[in-house]
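In UniProt numbering, the protein residues as written are 1 to 168. Glycine is no exception: its CB is placed at the ideal position from the N, C-alpha and C atoms. It should be emphasised that the depicted structure is a prediction, and the values quoted were computed from it without experimental measurement. Notes for the one structure printed next.
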């Protein structure tokens, strides 16, 4: 039976406290006990999760997805562009290619979120954009801002990200 007070303020506060204090660290995410299914999930599940977040949290979720991706990218421990390329491919995020070093321009082919989606006229890869930002932050030891300028969802067969190194 589903509790009728599920959406009450008290239950939401309780859930927030519980989820903000989950004793799971980043390294724990890589441990699995799925001998038959393994670590991989279908792209549809990932896409449904991202779309559900956007639908439930609205426009504000886009920056949250970027920052979540950024945190994830920072925690991957990449030390070089080659590490980042390897991580993106081995995690199934996409096939990353460094197109230009100055300014930094990156293309991602077979992007987990948008490859195969219809042309909707705007880029949609906020989490992946954040991942690139987090990885480059770790590699360069500098804050960066990543902007998706081309996307499968804008009619291209790849995503393209421009990177700006922020001055402090």
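Check                                                                                                                                                  : Outcome
Between residue 73 and residue 133, is the Cβ-Cβ spacing less than 8 Å?                                                                                : yes
Would residue 44 be called buried (16 or more neighbouring beta carbons within 10 Å of its own) or exposed?                                            : exposed
Looking at C-alpha atoms only, which residue of 125, 33, 107, 149 is the closest neighbour of residue 68?                                              : 125
What would DSSP say about residue 158, mapped onto helix, strand or coil?                                                                              : coil
Rounded C-beta distance between residue 98 and residue 153? I'm assuming under 8 Å.                                                                    : The Cβ separation is near 22 Å, so there is no contact.
If we call anything under 8 Å between Cβ atoms a contact, is residue 128 one with residue 137?                                                         : no
When we look at the beta-carbon of residue 164 and count the other beta-carbons within 10 Å, is it buried (16 or more) or exposed?                     : exposed
Starting from residue 98 and walking both ways along the beta strand (DSSP E), at which residues does that stretch end?                                : 95-101
Given a threshold of 16 other Cβ atoms within 10 Å of its Cβ, counted over all protein chains shown, does residue 115 qualify as buried or as exposed? : buried
What residues are listed by DSSP as bridge partners for residue 109?                                                                                   : 95
If you draw a straight line from the alpha carbon of residue 38 to that of residue 30, how long is it in whole angstroms?                              : 11 Å
Please classify residue 77: is it buried, with 16 or more other beta-carbons within 10 angstroms of its beta-carbon, or exposed?                       : exposed
What is the DSSP secondary structure of residue 70, reduced to helix, strand or coil?                                                                  : helix
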